[in-house]
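Trainee: The structure that follows is given in the form of structure tokens.
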Amino acid sequence: MTDANEIYEQFRGMIVSGHVGSGERLPTVRQVANDLGVANGTAAKAYKMLEADGLVVSRTGAGTRVSDAAAVLPGAIVVRIRELVSEAKDQNIREDDVVTALRRAWSG
């Protein structure tokens with residue numbers, strides 16, 4: 001079951017990874033709810049969480065857009081992550097194994 005936290009994490013990931021850039025419009029709350037099969041309130045809660053974190057700005061008539069101040073990873077890191085993912089997929093390495101390796105490398 002999809003909840004507001006899962007929706008929040010999905011959009012947050014898209015924003016901080018640069019997949020959705022500053023000023024880009026997110027789908028409407030209604031569209032997200034419909035696509036994911038959740039209540040409008042669940043999608044709205046996720047959007048409010050994104051707004052509270054300063055990642056998006058919601059305006060009546062203009063929809064919800066990624067904030068100009070939204071923190072995104074530098075482009076060079078995004079490129080390297082995409083290269084890593086592509087190479088791991090080519091070698092049939094499991095996602096969980098890559099994530100575990102990154103976490104271990106991060107913690108030194």
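All residue numbers for the sequence shown refer to full-length UniProt numbering, where the first residue is 1 and numbers rise by one. Just so you know, even glycine gets a beta-carbon here, dropped at the ideal spot from N, CA and C.
Straight-line CA distance for THR42 to LYS48?
Mentor: 10 Å
Trainee: What residue does the alpha helix (DSSP H) around GLY13 start on, and which one ends it?
Mentor: 4 to 16
Trainee: Please classify LEU50 as buried or exposed, where buried requires at least 16 other C-beta atoms within 10 Å of its C-beta.
Mentor: buried
Trainee: Could you have a look at THR60 and say whether DSSP puts it in helix, strand or coil?
Mentor: coil
Trainee: Give the secondary structure of VAL20 by DSSP, where H, G and I count as helix, E and B as strand, and everything else as coil.
Mentor: coil
Trainee: Count the other CB atoms within 10 Å of the CB of LEU102; is the residue buried (16 or more) or exposed (fewer)?
Mentor: exposed
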